[in-house]
Amino acid sequence: MTGVWGLRIGLGGLGVLVGLYGAYLLLSRQDLDRLVSAAIWLGGGVVVHDGLIALATIGAVALGARVLPVVARAPAAVAFVVVAPLTLIAIPVLGRFGAEPDNPTLLDRSYWLGWSGLVVVALSVVVVASLVRARRTTSESGGAPS
Amino acid sequence: MKAADVLDRVPRESDFTSRLRSPAVAARVGLWLGIAFGICFLTGLISHYAQNGDQPVPFPTAPYWGYRVTQGLHVISGTAAIPLLLVKLWSVYPQLFKSMPWGDVRAMTISGLERLSIAVLVAGSTFLLVTGLLNTSRWYPWAFSFRPVHYAVAWITIGALVVHIAVKLPVIRDALTSDVDDTTHDSPTATEPGVVSRRGLLRSTWLATGIAVLATAGSTVPLLRKVSVLSVRTGDGPQGVPFNRTAAAAQVTAEERGPGWTLDVVDGDGVVSSWSRDELAAMTQRTETLPIACVEGWSASAEWTGVRLRDLLDAASVPRGADVRMVSMQKRYAFGVTELQGNFADADKTLIALKLNGEELSLDHGFPARLIAPNRPGVLQTKWLTTVEVI
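Here the protein sequences come in this chain order: A and B. Taken in order, the first sequence gives residues 25 to 170; the numbers are from the numbering used here. Taken in order, the second sequence gives residues 254 to 644; the numbers are from the numbering used here.
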């Protein structure tokens with residue numbers, strides 16, 4: 025027991041030291057304007073996640089539970105776990121916010137096409153998986169419509 | 254509206270009923286998230302050190318592909334961490350609404366400190382992944398300087414992560430050694446089955462992570478170019494290699510790079526030696542296969558031909574081991590002057606390149622001449638060279 029406590033206290037102390045070193049780096053090498061900008065982005069991530077992304081996810085799940093047939097819910101949940109993060113990752117390339125007019129080697133793909141392709145594949149998998157599950161449910165219940 | 258009514262509308266931990274939001278899920282996703290963050294941190298330290306002008310221990314020149322691999326891994330593991338972090342945060346979201354142990358000062362202190370460490374961890378994690386992701390596509394919608402702030406926040410975040418692991422160690426150990434459907438550490442109200450099982454959610458998370466990597470890693474892994482439909486670069490460009498800055502953007506003028514151009518080796522007393530481009534081309538030419546590996550995570554291998562830097566330094570009687578500065582004609586952007594440690598200046602593979610993949614170096618790749626050295630961040634592979642200063 026003491027061994028584990030010792031390990032935990034040691035780890036905790038190490039973590040605090042490492043974090044304080046980072047705070048020192050952050051505070052000592054930036055002027056105030058830049059620090060304020062960094063603080064906004066540090067706090068902004070938490071606000072956007074906890075206040076927007078988490079709520080939107082709860083909303084999407086509630087909507088799915090209301091509109092989707094039972095057999096489609098599990099495949100749709102899997103597709104959501106895959107497609108939602110991928111879409112967030114794709115925002116910078118879909119919006120081409122970093123594009124430079126004189127640099128054709130940057131952002132040199134049709135990102136909307138690529139993203140749509142992934143979404144179409146995901147939706148197709150959901151539809152096929154739902155149909156397979158529906159058929160399995162029907163045959164298990166002796167052919168009677170459920 | 255009375256204060257009590259408002260309080261009634263704030264969700265409580267007990268309002269969340271899904272049994273998927275469990276430490277059994279959080280610990281398993283957290284394990285892989287921790288591994289991804291660990292890889293990010295170590296490769297980030299390597300990249301930061303490689304870009305430091307002052308290196309007490311010289312960065313190694315071998316393996317020549319080392320930086321390509323470490324920086325590629327940095328961006329790949331950071332990308333992989335995005336789905337992992339989202340699922341991790343989803344699985345612990347009810348904790349945000351856990352009530353404080355009001356009245357008990359000791360419990361309040363412990364709980365407050367733990368919440369503070371979690372707030373730092375979540376703020377730091379989202380900051381690192383968001384700014385890192387935006388940086389890969391050269392999108393900078395902020396006023397701070399990316400590199401020092403990303404670096405400082407990485408130390409803060411890893412510190413908070415180590416504290417978090419120390420606090421949660423017993424729960425983590427229990428969760429990872431018990432069955433995924435074990436409910437020992439679950440919230441009492443988290444009993445409602447989800448549309449997928451816990452195993453199903455975990456497998457979906459691994460799938461999401463794998464697809465996120467496959468969809469983006471083509472910027473640095475040539476084999477994935479065709480499948481990485483969301484990669485910031487195809488890895489192709491003029492003469493088969495992408496670039497970050499054009500000569501026009503860097504304001505390198507036609508006159509400067511015209512027939513009057515020379516590459517000079519200078520020391521404290523002035524110009525020691527000077528070569529025109531024709532004179533450089535008349536020296537012994539070497540060809541090396543070396544990658545351009547950018548800090549933003551893209552990389553491309555190419556065949557570079559030119560004069561070995563050491564041959565030039567020998568001709569100028571510069572002793573072995575001397576550090577040098579590579580000076581560019583560029584007038585805009587950082588890294589117009591870069592330091593090249595003695596071990597890099599002396600490395601056989603370090604070239605003053607005149608040709609790229611068999612053709613005369615194009616303007617945007619650094620014509621008339623550029624530095625190309627092994628195991629070196631792309632920003633330090635100085636283009637449009639004009640002077641080599643012996644330090």
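Using N, Cα and C, we set each Cβ at its ideal position, and we do this for glycine too.
Proximity to residue i [Cα-Cα], best of the options
{"i": "L286 of chain B", "options": "B:K479, B:I411, B:A606 and B:W514", "result": "B:I411"}
{"i": "F397 of chain B", "options": "A:P109, A:R58 and A:Y135", "result": "A:R58"}
{"i": "A413 of chain B", "options": "A:G34, A:W29, A:V42 and A:G27", "result": "A:V42"}
{"i": "P630 of chain B", "options": "B:F312, B:V282 and B:L273", "result": "B:F312"}
{"i": "G493 of chain B", "options": "B:D427, B:N610, B:E592 and B:A407", "result": "B:N610"}
{"i": "P572 of chain B", "options": "B:T540, B:V590 and B:V525", "result": "B:V525"}
{"i": "G119 of chain A", "options": "A:W139, A:F104 and A:V107", "result": "A:W139"}
{"i": "F290 of chain B", "options": "B:P401, B:S390, B:S472 and B:L382", "result": "B:L382"}
{"i": "P264 of chain B", "options": "B:P309, B:G447 and B:Q348", "result": "B:Q348"}
{"i": "T314 of chain B", "options": "B:K602, B:G331, B:R426 and B:P491", "result": "B:K602"}
{"i": "R585 of chain B", "options": "B:P401, B:W392, B:T499 and B:H438", "result": "B:T499"}
{"i": "A405 of chain B", "options": "A:A63, A:A86, A:R160 and A:A114", "result": "A:A63"}
{"i": "L455 of chain B", "options": "B:L339, B:L565 and B:W514", "result": "B:L339"}
Within 7 Å, strictly: CB atoms of residue i and residue j
{"i": "S457 of chain B", "j": "T469 of chain B", "result": "no"}
{"i": "L387 of chain B", "j": "P125 of chain A", "result": "no"}
{"i": "L638 of chain B", "j": "A622 of chain B", "result": "yes"}
{"i": "A277 of chain B", "j": "D435 of chain B", "result": "yes"}
{"i": "P475 of chain B", "j": "T129 of chain A", "result": "no"}
{"i": "R272 of chain B", "j": "A443 of chain B", "result": "yes"}
{"i": "I409 of chain B", "j": "G46 of chain A", "result": "yes"}
{"i": "L516 of chain B", "j": "W528 of chain B", "result": "yes"}
{"i": "G69 of chain A", "j": "V416 of chain B", "result": "no"}
{"i": "D599 of chain B", "j": "R563 of chain B", "result": "yes"}
{"i": "V328 of chain B", "j": "T389 of chain B", "result": "yes"}
{"i": "Q324 of chain B", "j": "A546 of chain B", "result": "yes"}
{"i": "P93 of chain A", "j": "A461 of chain B", "result": "no"}
{"i": "G331 of chain B", "j": "G385 of chain B", "result": "yes"}
{"i": "T473 of chain B", "j": "W551 of chain B", "result": "yes"}
{"i": "L593 of chain B", "j": "V560 of chain B", "result": "no"}
Local Cβ density within 10 Å of residue i, reported as buried at 16 or more and exposed below that
{"i": "L56 of chain A", "result": "exposed"}
{"i": "D617 of chain B", "result": "buried"}
{"i": "R97 of chain A", "result": "buried"}
{"i": "S163 of chain A", "result": "exposed"}
{"i": "P99 of chain A", "result": "buried"}
{"i": "E508 of chain B", "result": "exposed"}
{"i": "M353 of chain B", "result": "exposed"}
{"i": "M579 of chain B", "result": "buried"}
{"i": "W355 of chain B", "result": "exposed"}
{"i": "R321 of chain B", "result": "buried"}
Which of helix, strand or coil DSSP assigns to residue i
{"i": "V373 of chain B", "result": "helix"}
{"i": "T537 of chain B", "result": "coil"}
{"i": "A215 of chain B", "result": "No answer is possible for residue 215 of chain B: it lies beyond the span of chain B, which begins at 254 and ends at 644."}
{"i": "D601 of chain B", "result": "coil"}
{"i": "I644 of chain B", "result": "coil"}
{"i": "F269 of chain B", "result": "coil"}
{"i": "A568 of chain B", "result": "helix"}
{"i": "L607 of chain B", "result": "strand"}
{"i": "M353 of chain B", "result": "coil"}
{"i": "T473 of chain B", "result": "coil"}
{"i": "W202 of chain B", "result": "Nothing in the structure corresponds to residue 202 of chain B, since chain B is present only between 254 and 644."}
{"i": "E164 of chain A", "result": "helix"}
{"i": "G589 of chain B", "result": "coil"}
Within chain E, partners of residue i - CB distance below 9 Å
{"i": "G30 of chain A", "result": "Considering every chain present, this structure includes no chain E. Its protein chains are A and B."}
Euclidean distance between Cα positions of residue i and residue j
{"i": "G595 of chain B", "j": "D576 of chain B", "result": "4 Å"}
{"i": "A101 of chain A", "j": "T111 of chain A", "result": "15 Å"}
{"i": "F374 of chain B", "j": "R368 of chain B", "result": "The residue asked about is misnamed: residue 374 of chain B is Leu in this sequence, not Phe. Answer to the nearest angstrom: the Cα atoms are 10 Å apart."}
{"i": "S431 of chain B", "j": "T558 of chain B", "result": "59 Å"}
{"i": "G27 of chain A", "j": "I33 of chain A", "result": "10 Å"}
{"i": "G619 of chain B", "j": "E613 of chain B", "result": "10 Å"}
{"i": "A503 of chain B", "j": "V72 of chain A", "result": "36 Å"}
{"i": "L76 of chain A", "j": "G30 of chain A", "result": "40 Å"}
{"i": "L326 of chain B", "j": "S61 of chain A", "result": "28 Å"}
{"i": "Y135 of chain A", "j": "L607 of chain B", "result": "35 Å"}
{"i": "R157 of chain A", "j": "R359 of chain B", "result": "53 Å"}
{"i": "P514 of chain B", "j": "M582 of chain B", "result": "It is worth fixing the name first, because residue 514 of chain B is Trp in this sequence and not Pro. Roughly 11 Å between the two C-alpha positions."}
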